[in-house]
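Residue numbers (this note's numbering), protein chains in the order written: chain G, 43 to 257; chain Y, 21 to 30.
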Amino acid sequence: MNIFRFAGDMFHLISILVLLLKIYATKSCSGISLKTQELYALVFVTRYLDLFTDFISVYNTVMKLVFIGSTAAIVWCMQWHPVVKRSYDRELDTFRHYFLVGACFVLALFLHENFTFQEIFWAFSIYLEAVAILPQLVLLQRSGNVDNLTGQYVFFLGAYRAFYILNWIYRYFMEQRFSRWISCISGLVQTALYADFFYYYFLSWKNNAKLHLPA
Amino acid sequence: SPKGSSHDEL
């Protein structure tokens with residue numbers, strides 16, 4: 043464990059909690075893509091299949107449970123909470139995310155570390171996390187609605203990616219056996235897509251700021 | 021002892 047990875051994990055966790063709290067506090071999920079949140083839930087479930095078979099550390103186990111729990115809570119809130127679900131942009135959140143699931147699974151069948159059930163699902167979850175932001179990006183381009191996508195959420199998401207890249211650089215130089223190519227390359231693709239999301243976030247935020255200029 | 025899973029990252 044190094045400080046970059048720990049910070050990355052903390053920022054990732056905070057970004058999810060910020061989103062969950064925002065949805066719960068405002069009882070609204072307008073502007074949030076349920077499909078992206080469903081993909082994140084699938085990422086965590088398929089990545090942590092070893093939750094009950096491999097014990098790495100208390101921190102590792104607790105964080106896995108918290109990631110699965112908090113993302114599941116967001117999906118539940120957006121789909122079943124009587125008040126929140128009414129504000130879901132169902133007609134705008136139309137990205138066919140099943141294609142992403144299928145494509146990532148096929149890729150994992152070809153590109154993985156070992157051809158075992160657990161390893162293929164692990165690689166699948168790494169690829170899926172990289173593209174999971176797409177439905178949210180498309181929804182943001184269509185709606186320009188950043189009401190629930192707070193600046194903090196975007197900041198923590200960016201910090202998570204930045205610190206994880208620092209973590210890989212650190213591990214590359216510090217550990218003789220660097221076998222994280224799948225995580226690393228997929229993580230770079232993910233960070234590029236996040237940068238695109240941040241760009242559209244900034245445009246939407248700027249436009250909204252202009253719209254609300256004092257008359 | 022914890023299995024040396026190469027996937028110790030979250």
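We put the CB at the ideal spot given by N, CA and C, even for glycine.
Option in the options with minimal Cα separation from residue i
i: Tyr130(G); options: Leu199(G), Leu230(G), Ile56(G), Gln178(G); result: Gln178(G)
i: Asp28(Y); options: Leu63(G), Ser57(G), Leu61(G), Asp96(G); result: Asp96(G)
i: Val196(G); options: Val117(G), Leu182(G), Phe163(G); result: Leu182(G)
i: Phe147(G); options: Met52(G), Leu191(G), Tyr82(G), Ile168(G); result: Ile168(G)
i: Ile58(G); options: Glu80(G), Asn44(G), Met43(G); result: Glu80(G)
i: Cys14(G); options: Tyr214(G), Trp247(G), Gln218(G); result: There is no way to answer for residue 14(G), as the model of chain G reaches only from 43 to 257.
i: Phe46(G); options: Leu191(G), Ser221(G), Trp210(G); result: Trp210(G)
i: Ile74(G); options: Asp135(G), Phe239(G), Ala237(G); result: Asp135(G)
i: Ala201(G); options: Arg219(G), Tyr236(G), Val180(G), Ile224(G); result: Tyr236(G)
i: Ala145(G); options: Glu171(G), Asn156(G), Ser246(G), Ser99(G); result: Glu171(G)
i: Ala234(G); options: Ala204(G), Gly50(G), Ile224(G), Trp247(G); result: Ala204(G)
i: His54(G); options: Thr113(G), Ala67(G), Glu161(G), Leu84(G); result: Thr113(G)
i: Val87(G); options: Met105(G), Val180(G), Leu151(G); result: Met105(G)
i: Ser221(G); options: Thr68(G), Asn156(G), His254(G); result: Asn156(G)
i: Phe141(G); options: Val173(G), His123(G), Phe163(G); result: Val173(G)
i: Arg128(G); options: Arg219(G), Thr68(G), His254(G), Pro256(G); result: Thr68(G)
i: His123(G); options: Ala49(G), Leu62(G), Leu255(G); result: Leu62(G)
i: Gln194(G); options: Phe48(G), Ile56(G), Gly111(G); result: Ile56(G)
i: Ser72(G); options: Ile224(G), Gln121(G), Ala49(G), Trp223(G); result: Gln121(G)
Assumed close pair residue i, residue j - CB separation to whole angstroms, cut-off 8 Å
i: Met206(G); j: Gly229(G); result: Note that residue 206(G) is Tyr in the sequence shown here, rather than Met. 6 Å between Cβ atoms; contact.
i: Val188(G); j: Asn102(G); result: Not confirmed; about 34 Å, so no contact.
i: Ile175(G); j: Phe94(G); result: Going by Cβ atoms, the distance from Ile175(G) to Phe94(G) rounds to 29 Å, so no, they are not a contact pair.
i: Val126(G); j: Ser185(G); result: 17 Å between Cβ atoms; not a contact.
i: Gln160(G); j: Asp51(G); result: The pair is not a contact, with the Cβ atoms about 21 Å apart (cut-off 8 Å).
i: Ile162(G); j: Leu151(G); result: 6 Å
Exposed unless 16 or more other CB atoms sit within 10 angstroms - verdict on residue i
i: Pro22(Y); result: Confidence at Pro22(Y) is low in this model, with a pLDDT of 39, below 50, so its placement is unreliable and no value can be given for it.
i: Arg89(G); result: buried
i: Thr259(G); result: Lying before the first or after the last residue shown, residue 259(G) is absent from chain G, which here runs from 43 to 257.
i: Gly24(Y); result: Confidence at Gly24(Y) is low in this model, with a pLDDT of 42, below 50, so its placement is unreliable and the value that follows should be read with caution. Exposed is the call here.
i: Tyr241(G); result: exposed
i: Met43(G); result: exposed
i: Gln232(G); result: buried
i: His154(G); result: buried
i: Lys252(G); result: exposed
i: Cys119(G); result: buried
i: Arg138(G); result: exposed
i: Arg165(G); result: The displayed chain sequence assigns Ala, not Arg, to residue 165(G). Buried: at least 16 other Cβ atoms inside 10 Å.
i: Arg132(G); result: exposed
i: Gln64(G); result: Sequence check: residue 64(G) is Lys here, not Gln. By the neighbour-count rule (16 or more Cβ atoms within 10 Å), Lys64(G) is buried.
i: Leu199(G); result: buried
i: Leu24(G); result: Limits of chain G in this structure are 43 at one end and 257 at the other, which puts residue 24(G) out of reach.
i: Val100(G); result: exposed
i: Lys248(G); result: exposed
i: Leu107(G); result: exposed
Minimum Cβ-Cβ distance from residue i to chain A less than 7 Å
i: Ile98(G); result: Chain labels in this structure do not include chain A; the protein chains are G and Y.
heavy atom of the ligand FAD below 6 Å from residue i C-beta
i: Phe163(G); result: For the ligand FAD, the structure offers nothing, since it holds no ligand at all.
Counting only runs that start and end within the stretch 78 to 158 of chain G, where is the alpha helix (DSSP H) found for 4 or more residues in a row? 100 to 122, 139 to 152
Note down, one range per segment and in chain order, each alpha helix (DSSP H) of at least 4 residues found wholly within the stretch 176 to 249 of chain G. 176 to 185, 193 to 216
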